[in-house]
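Colleague: Here's a structure for you.
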Amino acid sequence: MAYTLSPWSLTDLYPGLNAPELEAAFTELETQVASFEKLRPQLKADMPVSSFMEVLQDSEEMTKLASKLYSFAGLAFAANTQDQAIQALLGRIQQFMAEMENRALFFSLWWKDLADASAARLMDASGDYRYYLEEMRHFKPHTLSEPEEKVVNLKNVTGVSALTTLYDAITNRYVFTLQVDGQKKELTRGQLSIYIRGADPDLRAKAYQEMYRVYSADGTILGQMYQTNTRDWRNENLMLRHFSTPIAARNLGNDIPDEAVEALLKVCQKNTGTFQRYFRLKAKQLNMPRLRRYDIYAPLAKSAKTYEFDQAVGMVLDSFTSFHPDFGKLAKRVFDANHLDSEVRKGKQDGAFCASVTPEITPYVKVNYQGKADDVATMAHELGHAIHAMLASHHTVFTFHSSLPLAETASTFGEMMLVDRLLAGEKDESVRRDMLFRQVDDAYATIMRQAYFALFEQKAHEMVAQNASVDEISAAYMENLQSQFGDSLELSDEFKWEWVSIPHIYHTPFYVYAYAFGQLLVFSLYQQYKAEGEAFKPRYVKILSAGGSQAPASILAEAGIDIRSEAFWQGGFDVIGGLVDELEKM
Ligand SMILES: [Zn+2]
Numbered sequence: 005m006a007y008t009l010s011p012w013s014l015t016d017l018y019p020g021l022n023a024p025e026l027e028a029a030f031t032e033l034e035t036q037v038a039s040f041e042k043l044r045p046q047l048k049a050d051m052p053v054s055s056f057m058e059v060l061q062d063s064e065e066m067t068k069l070a071s072k073l074y075s076f077a078g079l080a081f082a083a084n085t086q087d088q089a090i091q092a093l094l095g096r097i098q099q100f101m102a103e104m105e106n107r108a109l110f111f112s113l114w115w116k117d118l119a120d121a122s123a124a125r126l127m128d129a130s131g132d133y134r135y136y137l138e139e140m141r142h143f144k145p146h147t148l149s150e151p152e153e154k155v156v157n158l159k160n161v162t163g164v165s166a167l168t169t170l171y172d173a174i175t176n177r178y179v180f181t182l183q184v185d186g187q188k189k190e191l192t193r194g195q196l197s198i199y200i201r202g203a204d205p206d207l208r209a210k211a212y213q214e215m216y217r218v219y220s221a222d223g224t225i226l227g228q229m230y231q232t233n234t235r236d237w238r239n240e241n242l243m244l245r246h247f248s249t250p251i252a253a254r255n256l257g258n259d260i261p262d263e264a265v266e267a268l269l270k271v272c273q274k275n276t277g278t279f280q281r282y283f284r285l286k287a288k289q290l291n292m293p294r295l296r297r298y299d300i301y302a303p304l305a306k307s308a309k310t311y312e313f314d315q316a317v318g319m320v321l322d323s324f325t326s327f328h329p330d331f332g333k334l335a336k337r338v339f340d341a342n343h344l345d346s347e348v349r350k351g352k353q354d355g356a357f358c359a360s361v362t363p364e365i366t367p368y369v370k371v372n373y374q375g376k377a378d379d380v381a382t383m384a385h386e387l388g389h390a391i392h393a394m395l396a397s398h399h400t401v402f403t404f405h406s407s408l409p410l411a412e413t414a415s416t417f418g419e420m421m422l423v424d425r426l427l428a429g430e431k432d433e434s435v436r437r438d439m440l441f442r443q444v445d446d447a448y449a450t451i452m453r454q455a456y457f458a459l460f461e462q463k464a465h466e467m468v469a470q471n472a473s474v475d476e477i478s479a480a481y482m483e484n485l486q487s488q489f490g491d492s493l494e495l496s497d498e499f500k501w502e503w504v505s506i507p508h509i510y511h512t513p514f515y516v517y518a519y520a521f522g523q524l525l526v527f528s529l530y531q532q533y534k535a536e537g538e539a540f541k542p543r544y545v546k547i548l549s550a551g552g553s554q555a556p557a558s559i560l561a562e563a564g565i566d567i568r569s570e571a572f573w574q575g576g577f578d579v580i581g582g583l584v585d586e587l588e589k590m
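If you count by our numbering, then the sequence shown holds residues 5 to 590, one letter each, in order.
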């Protein structure tokens, strides 16, 4: 049977928008929450282990049902963003879930407040729930009293959350004007970025200049928002919650030791030369004496090779199967269950994702397949996520999702296997070269660029505490870029405003290093795989099967990886160095 482009079917969740089963699920969840509330008096330090386990099981059932309901609306919306009935359902579910969560909140507050000895007694008997329970308690030393926490929550709504919403509101309405083929175009940032990554060098430069012209016009006010944001972060996390550094608050959320993040960022700084070498090579390919900052994502593509969907599915499944038969079978399950939405449709959301709803349900995958080598790689990436979730499906709903720093392991690894396979079967040198260049472009964007954002954030948080002005922060940003690029490319002055255009550093301070962490980890693992072949596979399967049932550092330690060691991170850079070597030889 040939695979054809198609939408997915959500009937494994609910039969349809107007199905009685869907309505019944709301009632069922409300009933579950009401009986959960009745358990509150049983929560005591000396409660029997068996009653504690019942509380956890009830909580798990509620979480599964909530996830099913929420996923149904979310997936339906992704498949059709223009349908008013779906929009209404999504709104109804968001409101309903917030109410249900508030009613069940008492459990986590009680749990964090419990004395260590009592918590240890209950955790020892909690089996696979253990890490979930442990992780909640990590925040105990940084948790305030209940009334204080309530005040923080309430004031956040109109304080720092309102400020970031305002940042979004201001920046999302920016209009960028660009002369294209003698015509004046008014563009959103998304539309502008097509020219930033486009083939025309003049337009790339003009698009960047226009972007920072618009941002810098508001530079003082956006910078002031950032200053306020970092002050709030410091006030809350250092003064009130007693974290030692601004980044430590994020590290605890990721459950990554501070020393591991330090080692990662240090190794990134040591390896700036690798990408600088790459930028010089890219300049040659583009026939430029020196690359400009405008050109780092310039496409080289000379080839316009496409793959039929059926052929692409065959390649992706083969690639997984030849690594491990189970991987192929699990990936095929997504197709057999009709859980893949592959076609491009009007109203369907752009991009790609994988959604794992509960451990029992085969994950859903969305792509917008258009036949390019990139699209085949994206399909392998998302199916990698699905395989990861299915390998961990013996865990609870709380522990089967891997934590953020490990979340991109199976996906990126799957993508690399596929690219290797495409390269091996490709005789056309120009197609091969395009693919390798794209791999290094992506590695730059996810590793070095993100690591340097994190280094900038560390610096900026300290500077704001010392009352630095917006211009002083911009100057520090420029120094950050200079140490990253050296003299490998030409950096023009408007890039000093780049930092006010990065939503991540406003929304989720220090989030960005997780990208560098995940990508370098996969490069290191991939290098181990190439060196060891079969012997590597059981170790890798074990990492994936752990899901989110242990701290990332312990999951990786069991596979012989020490994330505190600089040598480990260096291994990832050695792979990138190898790719650049290969390109230099071509
Ligand atoms: Zn991914």
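Glycine is no exception: its CB is placed at the ideal position from the N, C-alpha and C atoms.
Taking the Cβ atom as the reference point for each residue, do tryptophan 501 and leucine 268 lie within a distance shorter than 8 Å?
Modeller: Mapped onto the sequence shown, residue 501 falls at position 497. Mapped onto the sequence shown, residue 268 falls at position 264. No, Cβ-Cβ distance for tryptophan 501 and leucine 268 is not below 8 Å.
Colleague: Can you tell me whether phenylalanine 81 is helix, strand or coil according to DSSP?
Modeller: Within the sequence shown, the letter at position 77 stands for residue 81. In the structure shown, phenylalanine 81 sits in a helix (DSSP, three-state: H, G or I).
Colleague: Under DSSP, the alpha helix (DSSP H) around glutamate 347 begins and ends at which residues?
Modeller: Against the sequence shown, residue 347 aligns to sequence position 343. From DSSP, glutamate 347 is part of no alpha helix (DSSP H); its letter is neither H nor E.
Colleague: Among residues of its own chain, excluding the 5 on either side of glutamine 353, which ones have a beta-carbon nearer than 7 Å to its beta-carbon?
Modeller: Start at 1 with the first residue of the sequence shown, and residue 353 comes out as number 349. Closer than 7 Å at the Cβ level, and outside the excluded window around glutamine 353, lie Ala82, Thr85.
Colleague: Exposed or buried, which one is proline 250 when buried takes at least 16 other CB atoms within 10 Å?
Modeller: By one-based count along the sequence shown, residue 250 stands at place 246. Buried, since its Cβ has 16 or more Cβ neighbours within 10 Å.
Colleague: In three-state terms, what does DSSP make of glutamate 536?
Modeller: Here residue 536 is taken as the residue at index 532 of the sequence shown, counted from 1. Of the three classes helix, strand and coil, the one that applies to glutamate 536 here is helix, per DSSP.
Colleague: When burial is assigned at 16 or more other CB atoms within 10 Å of the CB, is aspartate 259 buried or exposed?
Modeller: Numbered from 1 along the sequence shown, position 255 holds the residue referred to as residue 259. So aspartate 259 ends up on the buried side.
Colleague: Apart from the five residues on each side of it in sequence, which residues of its chain come closer than 7 Å, Cβ to Cβ, to isoleucine 97?
Modeller: Start at 1 with the first residue of the sequence shown, and residue 97 comes out as number 93. Here the set comprises Leu73, Tyr74, Ala77.
Colleague: Under the three-state reduction of DSSP, which class applies to glutamate 150: helix, strand or coil?
Modeller: Indexing the sequence shown from 1 puts residue 150 at position 146. Here glutamate 150 sits in helix by DSSP.
Colleague: Just curious, the beta strand (DSSP E) that threonine 181 is in, first and last residue?
Modeller: Numbered from its first residue, the sequence shown carries residue 181 at position 177. Here the beta strand (DSSP E) through threonine 181 covers 180-184.
Colleague: Can you list, in chain order, the residues of its chain whose CB lies under 6 Å from that of tyrosine 298, leaving out five sequence neighbours each side?
Modeller: On the sequence shown, residue 298 is found 294 positions in, with the first residue counted as 1. The residues are Arg208, Ala209, Tyr212.
Colleague: Evaluate contact between the region 361-378 and the region 339-346, counting only Cβ atoms and requiring at least three cross-stretch pairs below 8 Å.
Modeller: These segments touch.
Colleague: Taking 7 Å as the cut-off, does the CB of serine 407 come closer than this to any heavy atom belonging to ligand 1?
Modeller: Against the sequence shown, residue 407 aligns to sequence position 403. Serine 407: no, Cβ never under 7 Å from ligand 1.
Colleague: Going by DSSP in three states, phenylalanine 357 sits in which element: helix, strand or coil?
Modeller: Taking the sequence shown and counting its residues from 1, one reaches residue 357 at position 353. Reduced to three states, the DSSP call for phenylalanine 357 is strand.
Colleague: Taking 6 Å as the limit, tell me which residues put their C-beta closer than that to any heavy atom of ligand 1, in chain order.
Modeller: Taking each Cβ in turn, the ones that pass are His385, His389, Glu412, Ser415.
Colleague: Between the Cα of arginine 436 and the Cα atoms of Ala316, Asn233, Ser39, Leu583, which residue gives the shortest distance?
Modeller: Counting from 1 along the sequence shown, the entry for residue 436 is found at position 432. Taking only the C-alpha atoms, the option nearest arginine 436 is Leu583.
Colleague: Would you mind stating whether proline 409 and glycine 318 have Cβ atoms separated by less than 8 Å?
Modeller: Within the sequence shown, numbered from 1, the residue matching residue 409 stands at position 405. Within the sequence shown, numbered from 1, the residue matching residue 318 stands at position 314. Contact flag unset, no.
Colleague: In angstroms, rounded to a whole number, what distance separates the CA positions of valine 361 and asparagine 233?
Modeller: As a working note, residue 361 is residue 357 in the sequence shown. As a working note, residue 233 is residue 229 in the sequence shown. When rounded, the distance between both Cα atoms is 34 Å.
Colleague: Looking at C-alpha atoms only, which residue of Ala381, Gln88, Thr224 is the closest neighbour of glycine 351?
Modeller: Against the sequence shown, residue 351 aligns to sequence position 347. Of the candidates Ala381, Gln88, Thr224, the one whose C-alpha sits nearest the C-alpha of glycine 351 is Gln88.
Colleague: Starting from tyrosine 481, trace the alpha helix (DSSP H) both ways and give me its first and last residue.
Modeller: One-based indexing of the sequence shown puts residue 481 at position 477. 474-489 is the extent of the alpha helix (DSSP H) around tyrosine 481.
Colleague: Within 10 angstroms of the Cβ of alanine 53, are there 16 or more other Cβ atoms? Answer buried if so, exposed if not.
Modeller: Position 49 of the sequence shown, counted from the first residue, corresponds to residue 53. Here the sequence assigns valine to residue 53, which means alanine is not the residue at that position. By the neighbour-count rule (16 or more Cβ atoms within 10 Å), valine 53 is not buried but exposed.
Colleague: Do alanine 447 and isoleucine 580 come within 8 Å of each other at the CB atom, strictly closer than that value?
Modeller: For this step, residue 580 is matched to residue 576 along the sequence shown. For this step, residue 447 is matched to residue 443 along the sequence shown. The answer is yes: Cβ separation under 8 Å.
Colleague: Within the continuous alpha helix (DSSP H) that includes lysine 288, where are the two ends?
Modeller: Mapped onto the sequence shown, residue 288 falls at position 284. Unbroken alpha helix (DSSP H) run through lysine 288: 276-289.
Colleague: To the nearest whole angstrom, what separates the beta carbons of isoleucine 559 and isoleucine 547, a pair I think is in contact under 8 Å?
Modeller: As a working mapping, residue 559 is identified with position 555 in the sequence shown. As a working mapping, residue 547 is identified with position 543 in the sequence shown. Yes, isoleucine 559 and isoleucine 547 are in contact; Cβ-Cβ is about 6 Å, under 8 Å.
Colleague: Output yes or no for whether 8 Å exceeds the beta carbon distance between histidine 385 and glycine 332.
Modeller: One-based indexing of the sequence shown puts residue 385 at position 381. One-based indexing of the sequence shown puts residue 332 at position 328. No; because the gap between Cβ atoms is not below 8 Å, this pair is not in contact.
Colleague: For glutamine 629 and asparagine 176, what's the separation of their Cα atoms in angstroms?
Modeller: It is not possible to answer for residue 629, since the shown part of the chain is limited to 5 through 590.
Colleague: Helix, strand or coil for tyrosine 368, going by three-state DSSP, please let me know.
Modeller: Indexing the sequence shown from 1 puts residue 368 at position 364. If DSSP states are grouped into helix, strand and coil, tyrosine 368 belongs with the strands.
Colleague: Of all the options Ile509, Met452, Met482, which has the alpha carbon lying nearest to the alpha carbon of histidine 465?
Modeller: On the sequence shown, residue 465 is found 461 positions in, with the first residue counted as 1. Of the candidates Ile509, Met452, Met482, the one whose C-alpha sits nearest the C-alpha of histidine 465 is Ile509.
Colleague: Using a Cβ distance threshold of 8 Å, determine whether the region 132-139 contacts the region 543-557, with at least three qualifying pairs required.
Modeller: Enough Cβ pairs lie closer than 8 Å, so yes.
Colleague: Just mark leucine 387 as buried or exposed, buried being the case when its beta carbon has 16 or more other beta carbons within 10 Å.
Modeller: Against the sequence shown, residue 387 aligns to sequence position 383. Per the 10 Å Cβ criterion, buried.
Colleague: Under the criterion of a Cβ to heavy atom distance below 7 Å, does asparagine 484 qualify as lining ligand 3?
Modeller: Ligand 3 is not part of the structure shown, which contains ligand 1 as its ligands.
Colleague: Is it buried or exposed for asparagine 157, if we count other Cβ within 10 angstroms and need 16 for buried?
Modeller: As a first step, residue 157 is located in the sequence shown; it is residue number 153 there, counting from the start. With fewer than 16 other Cβ atoms within 10 Å, it is exposed.
Colleague: Have a look at Gly575, His392, Leu242 and flag the residue whose alpha-carbon is nearest the alpha-carbon of alanine 469.
Modeller: Within the sequence shown, the letter at position 465 stands for residue 469. Measuring from the Cα of alanine 469, the nearest candidate turns out to be Leu242.
Colleague: From which residue to which residue does the alpha helix (DSSP H) around lysine 116 run?
Modeller: In the sequence shown, residue 116 corresponds to position 112, counting from 1. First-last of the alpha helix (DSSP H) with lysine 116: 110-117.
Colleague: Which residues in the same chain have their Cβ closer than 6 Å to the Cβ of arginine 254, if we skip the five residues on either side of it in sequence?
Modeller: To locate residue 254, count along the sequence shown from 1; it is residue 250. Counting only Cβ-Cβ distances below 6 Å, and skipping sequence neighbours, we find Phe514.
Colleague: Report buried or exposed for histidine 399, applying the criterion of at least 16 other Cβ atoms within 10 angstroms of its Cβ.
Modeller: Along the sequence shown, read from residue 1 onward, the residue named residue 399 stands at position 395. Histidine 399 comes out buried.
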